[in-house]
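S.K.:
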Ligand SMILES: CC(C)(COP(=O)(O)OP(=O)(O)OC[C@H]1O[C@@H](n2cnc3c(N)ncnc32)[C@H](O)[C@@H]1OP(=O)(O)O)[C@@H](O)C(=O)NCCC(=O)NCCS
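Numbering (my numbering), first residue to last: 2 to 350.
#1: Taking 7 angstroms as the cut-off, is the CB of residue 102 close to at least one heavy atom of ligand 1?
#2: Assign residue 30 to buried or exposed, taking buried as 16 or more other Cβ atoms, counted over all protein chains shown, within 10 Å of its Cβ.
#3: Identify the continuous alpha helix (DSSP H) that holds residue 182 and give its terminal residues.
#4: Of all the CB atoms in chain B, is at least one closer than 8 angstroms to the CB of residue 123?
#5: Residue 324: buried (16+ other C-beta within 10 angstroms of its C-beta) or exposed?
#6: Considering only residues of the stretch 196-230, which uninterrupted beta strand (DSSP E) runs meet the minimum length of 3 residues and lie entirely inside it, listed in chain order?
#7: Under 8 angstroms, with one C-beta from each stretch per pair, do the stretch 180-194 and the stretch 325-340 reach the 3-pair mark?
#8: Return yes when the C-beta of residue 70 is under 7 angstroms from any heavy atom of ligand 1, and no when it is not.
#9: I need the DSSP call for residue 91, collapsed to helix, strand or coil.
#10: Report yes if the C-beta of residue 137 is less than 7 angstroms from at least one heavy atom of ligand 1; otherwise report no.
#11: Going by DSSP, what residues sit across from residue 268 in a beta bridge?
#12: Looking at ligand 1, does it come within less than 7 angstroms of residue 128, judged from the CB to the closest heavy atom?
#13: Please classify residue 145 as buried or exposed, where buried requires at least 16 neighbouring CB atoms within 10 angstroms.
#14: Rounded C-beta distance between residue 89 and residue 340? I'm assuming under 8 angstroms.
#15: Should the stretch 311-324 be called in touch with the stretch 279-287, which here means at least 3 C-beta pairs below 8 angstroms?
#16: Any contact between the stretch 45-57 and the stretch 89-99? By contact I mean 3 or more CB pairs, one from each, below 8 angstroms.
#17: Would you check whether ligand 1 has a heavy atom nearer than 7 angstroms to the C-beta of residue 111?
#18: Does the stretch 239-257 come close enough to the stretch 192-200 to have 3 or more Cβ pairs within less than 8 angstroms?
#19: Assuming residue 229 and residue 115 are in contact, meaning their beta carbons sit under 8 angstroms apart, how far apart are those beta carbons, in whole angstroms?
#20: Looking at the strands, I want to know which residues DSSP matches up with residue 113.
#21: Are residue 182 and residue 91 touching if we call contact CB-CB under 8 angstroms?
#22: Give me the residue from 100, 238, 192 with the minimum Cα distance to residue 299.
#23: Could you check if residue 349 belongs to the surroundings of ligand 1, using beta carbon to heavy atom distance under 7 angstroms?
#24: So, using beta-carbon positions, are residue 311 and residue 141 closer together than 8 angstroms?
#25: From the DSSP output, in three-state form, read off residue 321 for me.
#26: What are the boundary residues of the alpha helix (DSSP H) that residue 294 is part of?
#27: Could you round the C-beta distance between residue 226 and residue 266 to whole angstroms and report it? I think they count as a contact, below 8 angstroms.
#28: Report yes if the C-beta distance between residue 178 and residue 338 is below 8 angstroms; otherwise report no.
#29: Should residue 173 go down as buried or exposed, given a rule of 16 or more other Cβ atoms within 10 Å for buried?
This is how it looks when you write it as C-alpha cells:
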C-alpha cells in the first residue's frame, strides 16, 4: 500500500462502523455510555482528529503519549526504533499533539492484524480515541486480514469484552518475580545443561508439523511468545524467533511425543523498572529437573544483557501446579511479586 494512502486520514462516521451491532453489543454500548456519562462527559473534542503512520522522527511524541506504563515495564521507550523495522506504527493527532499510538503487524498467513503497545493520552481516555485509531489501522493495513488479535490482562476489560463481539482464544497464567543480577549471578553457578538444545527455524518447522507434539505443547492452538499470540503456521516462525532464544529438551519424532518434552522461550527488554525478562514455558511445569534445566540455561545465556534490577515474567498453561516453578526460582533468589491471567482475544474486522 502506498504510504500517502495511509499517511493522513480523517474518520467519517461510516469508517468506524464494523457492521450491525447485536443486542448484546447495543446493551454494552449503553452501559459504557452510562459509565462515561458519570466519569467523563462525552465531548466533541475528537472532531479534528487525524491519523497517520509513524516514522523514526515521531519517537519523542510516541513516548510522550503515556509515561511509566505497566509500573515501568513498558518497552516502547527502548525498542521503538527496532520495532518500527518490522511493524507499522499508527498514531492519532489533535492539532499537533499525538493523542494515541499503537503498533500493528499482519501475522497468521495474512489473516490477523496483531495490535500491541496500545496507548491513549490520559486526558483523552474514554472518548473513543482508541476505537478510531483501530478502525483506521484495520481499514488501511491489510486487505486480507479478517480479525484483530491482542492480549489483555485486565479482568474488568476481559469481562466487558466477553459480553461484546470479541472471542477469547486462550488464557495463560503469569507470575511476576523480582531479583538483582548480583544475587542471581552468585546463585546460578555452573551446571551442565547439554541435554537442552537450541530451537532454530527448521526445528520449529518440524515441531509445528507434528500434530501430537503441538496438541501437547500448545493445547490452545496458539504459541504465545513475548506476549504475542501466534497461530501454528510456518509463516509465523520468523516472527516467533525474532529476538527470542528458544530451547527444547527433546526432539519431536514422527508422531510420538514424550510427555517430558518442554520448550522455553526467553526475551529480554531494558525498561524503566529494570531489565524485564519474559520466559514462556510450554509443556508440563511439574518436573523439577526439566524446569531447572530450562531456567538455568536461559538465565545463564542472557546474563550478559542484564542490568542491576531484574523483573521476571514467567508464563505457562493455566491450571498447572506452580509449586515446582516457585521452588526452583526461590533457590535462585527470585521473590514473587504478583500473579494473574492473560487473555488472547480476537475481534472480527
Ligand atoms: C486501553 C486504552 C488504549 C483504551 O483507550 P480509549 O481511547 O479510552 O478506548 P475507547 O474510548 O476507544 O473505548 C474503549 C475501547 O478500548 C478497549 N479497551 C479497553 N481497555 C483495554 C485494554 N486494556 N486493552 C485493549 N483494549 C482495551 C475496549 O474494549 C473498547 O474497545 P471495544 O469497543 O472494541 O470493546 C487506554 O485506556 C490506555 O491507553 N490504557 C493504558 C495502556 C493500556 O492498558 N493498553 C492496553 C494494553 S496494550
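The beta-carbon is built from N, C-alpha and C at its ideal position, and this holds for glycine as well.
M.R.: Taking the geometry as given:
#1: For residue 102, the CB stays at least 7 angstroms from every heavy atom of ligand 1.
#2: Confidence at residue 30 is low in this model, with a pLDDT of 42, below 50, so the placement of that residue is unreliable and no value is reported for it.
#3: Unbroken alpha helix (DSSP H) run through residue 182: 182-189.
#4: Chain labels in this structure do not include chain B; a single protein chain is all it has.
#5: An exposed status is given to residue 324, since fewer than 16 other beta-carbon atoms sit within 10 Å of its beta-carbon.
#6: DSSP runs (the beta strand (DSSP E)) wholly in the stretch 196-230: 223-226.
#7: By the Cβ test, the stretch 180-194 is in contact with the stretch 325-340, since at least three Cβ pairs between them sit closer than 8 angstroms.
#8: Yes, Cβ of residue 70 sits closer than 7 angstroms to a heavy atom of ligand 1.
#9: Here residue 91 sits in strand by DSSP.
#10: Not so, every heavy atom of ligand 1 lies at least 7 angstroms from the Cβ.
#11: For residue 268, which the question treats as bridged, DSSP gives the partners 279.
#12: Placement of the Cβ of residue 128 at a distance of less than 7 angstroms from at least one heavy atom of ligand 1 is found.
#13: Label assigned to residue 145: exposed.
#14: Taking a contact as a CB-CB distance under 8 angstroms, the pair residue 89 and residue 340 does not count as one, their CB atoms being some 33 angstroms apart.
#15: Output reads yes: the stretch 279-287 touches the stretch 311-324.
#16: Flag = yes, the stretch 45-57 and the stretch 89-99 touch.
#17: Because no heavy atom of ligand 1 lies under 7 angstroms away, the Cβ of residue 111 does not count as near it: no.
#18: As far as the Cβ criterion goes, the stretch 239-257 touches the stretch 192-200, which means the pair count is three or higher.
#19: Contact holds; Cβ gap of about 6 angstroms.
#20: Its beta-bridge partners are 108, 148.
#21: Residue 91 sits away from residue 182, with the two beta carbons spaced by 8 angstroms or more.
#22: In terms of Cα proximity to residue 299, the closest of 100, 238, 192 is 192.
#23: Every heavy atom of ligand 1 is 7 angstroms or more from the Cβ of residue 349, so no.
#24: By the CB criterion at 8 angstroms, residue 311 and residue 141 fall outside the cutoff.
#25: Reduced to three states, the DSSP call for residue 321 is coil.
#26: Residue 294: member of the alpha helix (DSSP H) spanning 289-303, first to last residue.
#27: Approximately 5 angstroms separates the beta-carbon atoms of residue 226 and residue 266; this is inside 8 angstroms, confirming the contact.
#28: Less than 8 angstroms divides the Cβ of residue 178 from the Cβ of residue 338.
#29: Note on residue 173: 16 or more other CB atoms within 10 angstroms of its CB, so buried under the neighbour-count rule.
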